[in-house]
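Trainee: For reference, the structure I am asking about is given below.
Number of protein chains: 2
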Amino acid sequence: MAFPEVLERVIKNLAALPGLGEKSATRLALYLLSRPSEEIKELAQSLLEMRSKLKLCKRCFNLATEEFCQLCLDPQREKDILCVVEDPAALSAIERAGAYKGLYHVLHGVLSPRDGIGPRELRLPELLTRLRQENIKEVVLALSPTVSGEATAAYIVELLKEVPIKVTRLACGLPMGMDVRYADQMTLKRAIEARQNF
Amino acid sequence: MAFPEVLERVIKNLAALPGLGEKSATRLALYLLSRPSEEIKELAQSLLEMRSKLKLCKRCFNLATEEFCQLCLDPQREKDILCVVEDPAALSAIERAGAYKGLYHVLHGVLSPRDGIGPRELRLPELLTRLRQENIKEVVLALSPTVSGEATAAYIVELLKEVPIKVTRLACGLPMGMDVRYADQMTLKRAIEARQNF
């Protein structure tokens with residue numbers, strides 16, 4: 001061990017984070033050491049505060065500091081369209097895209113029997129309750145086109161048959177900038193089947 | 001802003017770290033949120049403790065929690081050979097390689113006139129003092145074979161002409177696993193000039 005224990009401890013903690021190996025954790029720790037101590041304090045305090053202050057919105061299960069999240073409380077959002085997402089990161093990605101102005105419903109996972117995640121582990125009963133109580137006209141399923149995302153979407157479509165609401169999903173096709181020659185077969189198949197008018 | 005302010009603050013702090021963009025900072029923050037609160041506390045506390053407890057070894061300027069670092073205090077280390085490194089990260093890399101058992105001297109930088117780092121900003125006067133006071137027989141210059149690393153090494157060689165000590169440097173050549181066909185010209189030139197006996 002070349003470094004004092006206090007430093008090795010930080011490196012160990014950083015290296016445990018996803019996407020960081022021992023080398024990048026070492027670089028980060030030494031970088032932090034080289035910064036004014038206020039910067040480290042600010043980082044540490046923001047981490048602690050985040051953990052203690054955040055809870056889930058009572059309605060859509062997005063992250064919130066109050067009973068309801070800022071999106072649910074925003075009078076500008078359209079109240080008759082609901083976007084179902086896997087988790088807060090997916091919600092954030094859709095918000096960044098800037099094309100959606102409705103409400104959300106965060107499942108906090110997708111169906112994955114192997115990991116013991118069945119319908120009860122997701123926020124599906126709460127989704128049904130919302131659709132009965134709120135005046136929702138369309139549900140957009142914004143789940144990833146992966147095996148578990150598609151399975152979850154199919155399950156929700158079945159579930160929603162009992163409520164008379166339009167159900168849509170994100171378009172599948174070629175990502176922007178993709179070279180047709182390098183697109184995988186499944187993506188091309190979807191892009192051809194769902195070809196759009198010019 | 002899709003997330004509450006307390007979370008955006010963490011993302012901003014993480015995104016300011018080298019090698020982390022907004023996306024990876026968001027992923028990290030949400031990952032930390034999903035972990036038990038003890039883990040976040042441990043990370044935050046280890047960061048604060050690192051910053052408050054670490055100082056520089058009075059002899060070699062490696063990181064230390066006491067007056068001298070653990071390498072300087074280690075009776076097992078060879079006391080007559082000194083390895084000059086750019087910073088603690090370089091020291092750590094050499095320690096991990098496991099082939100060196102002597103002492104170190106950490107410059108905390110390399111010469112870089114553009115950034116205002118001249119000989120006085122590095123720990124060079126302290127190096128000369130050590131060489132006069134300690135019984136050092138060999139100085140290994142372990143600086144990177146980059147423009148500023150080579151310039152710093154050349155400067156130190158000049159400086160050490162006044163003390164009768166053997167000065168060596170790390171071997172330059174092909175990195176392990178390198179394909180000769182893809183090696184750059186400078187590396188190949190060095191590898192040919194410094195060819196070693198089988």
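If you read the sequences in order, they're chains A and B. Under UniProt numbering, the first residue of the first sequence is numbered 1, with each subsequent residue one higher. Under UniProt numbering, the first residue of the second sequence is numbered 1, with each subsequent residue one higher. For glycine and all other residues, C-beta sits at the position ideal for the given N, C-alpha and C. Given the structure is predicted, the values throughout are model-derived calculations rather than measurements.
Only counting the same chain, and skipping five residues up and downstream in sequence, which positions put a Cβ closer than 6 Å to that of HIS105/B?
Mentor: Here the question's residue 105/B lines up with position 105 in the second sequence. CYS60, LEU82, VAL84, LEU127, listed in sequence order.
Trainee: In chain order, what residues of the UniProt zinc finger region "C4-type" (57-72) of chain A put their CB closer than 9 Å to some CB of chain B?
Mentor: The UniProt zinc finger region "C4-type" (57-72) of chain A vs chain B, Cβ under 9 Å: ASN62, LEU63, ALA64, THR65, GLU66, CYS69, GLN70, LEU71.
Trainee: Using 8 Å as the Cβ pair cut-off and three pairs as the minimum, do the stretch 24-33 of chain A and the stretch 182-198 of chain A touch?
Mentor: Short answer: they don't touch.
Trainee: How about GLY19/B: is its C-beta nearer than 8 Å to some C-beta of chain A?
Mentor: Taking the second sequence and counting its residues from 1, one reaches residue 19/B at position 19. True, the Cβ-Cβ gap to chain A drops below 8 Å.
Trainee: My output table needs one value for ALA142/A: the three-state DSSP class, helix, strand or coil.
Mentor: Reading the first sequence from its first residue, position 142 is the one you call residue 142/A. If DSSP states are grouped into helix, strand and coil, ALA142/A belongs with coil.
Trainee: List, in order along the chain, the chain B residues whose C-beta lies closer than 7 Å to that of LYS41/A?
Mentor: Locating residue 41/A in the first sequence gives position 41, counting from the first residue. Within 7 Å Cβ-Cβ: LEU48.
Trainee: Hey, does LYS53/A have any beta-carbon neighbour from chain B nearer than 8 Å?
Mentor: Along the first sequence, one-based indexing puts residue 53/A at 53. It does: the Cβ of LYS53/A has a partner Cβ on chain B nearer than 8 Å.
Trainee: Taking the alpha-carbon positions, what's the THR65/A to GLU42/B distance?
Mentor: For the purposes of this step, residue 65/A is taken as residue 65 along the first sequence, with counting starting at 1. For the purposes of this step, residue 42/B is taken as residue 42 along the second sequence, with counting starting at 1. THR65/A and GLU42/B: Cα-Cα distance of roughly 23 Å.
Trainee: For PRO4/A, which residues in chain B fall below 8 Å Cβ to Cβ?
Mentor: Taking the first residue of the first sequence as 1, we reach residue 4/A at position 4. What PRO4/A touches in chain B: LYS53, LEU54, LEU63, ALA64, THR65, CYS69, GLN70.
Trainee: So, does the stretch 116-126 of chain A touch the stretch 88-103 of chain A, judging by three or more C-beta pairs under 8 Å?
Mentor: These segments do not touch.
Trainee: In whole angstroms, what is the alpha-carbon distance linking ASP115/A and ASN13/B?
Mentor: Numbered from 1 along the first sequence, position 115 holds the residue referred to as residue 115/A. Numbered from 1 along the second sequence, position 13 holds the residue referred to as residue 13/B. C-alpha separation (whole angstroms): 33 Å.
Trainee: Closer than 7 Å: is that where the CB of ASP74/A sits relative to any heavy atom of the ligand GTP?
Mentor: No copy of the ligand GTP occurs in the structure displayed, which carries no ligand at all.
Trainee: Could you tell me whether any Cβ in chain A is nearer than 8 Å to the Cβ of SER37/B?
Mentor: Locating residue 37/B in the second sequence gives position 37, where the first residue counts as 1. True, the Cβ-Cβ gap to chain A drops below 8 Å.
Trainee: Quick test of the definition: if touching needs 3 or more C-beta pairs under 8 Å, does the stretch 87-97 of chain B touch the stretch 153-164 of chain B?
Mentor: Contact fails: fewer than three Cβ-Cβ distances are below 8 Å.
Trainee: To which residues of the same chain is residue 222/B closer than 8 Å at the C-beta, ignoring the five residues directly before and after it?
Mentor: Here chain B comprises residues numbered 1 to 198, so residue 222/B is not present and cannot be evaluated.
Trainee: Along the stretch 107-135 of chain A, where does the CB come closer than 9 Å to a CB of chain B? Name the residues.
Mentor: Listed in sequence order: no entries.
Trainee: Below 7 Å between beta carbons is the criterion; list the residues of the stretch 80-98 of chain A that meet it against any residue of chain B, in chain order.
Mentor: For the stretch 80-98 of chain A, which is checked against every Cβ of chain B, the residues closer than 7 Å are PRO88, ALA89, LEU91, SER92, GLU95.
Trainee: Can you tell which of ALA142/B, THR129/B, SER112/B, LEU48/B has the C-alpha that lies nearest to the C-alpha of ALA93/B?
Mentor: Your numbering for residue 93/B matches position 93 in the second sequence. Residue ALA142/B is the option with its Cα nearest to ALA93/B.
Trainee: At 8 Å on the CB atoms, spell out the chain B contacts of THR26/A, in chain order.
Mentor: By 1-based counting over the first sequence, the position of residue 26/A is 26. Under the 8 Å cutoff, chain B gives ALA89, SER92.
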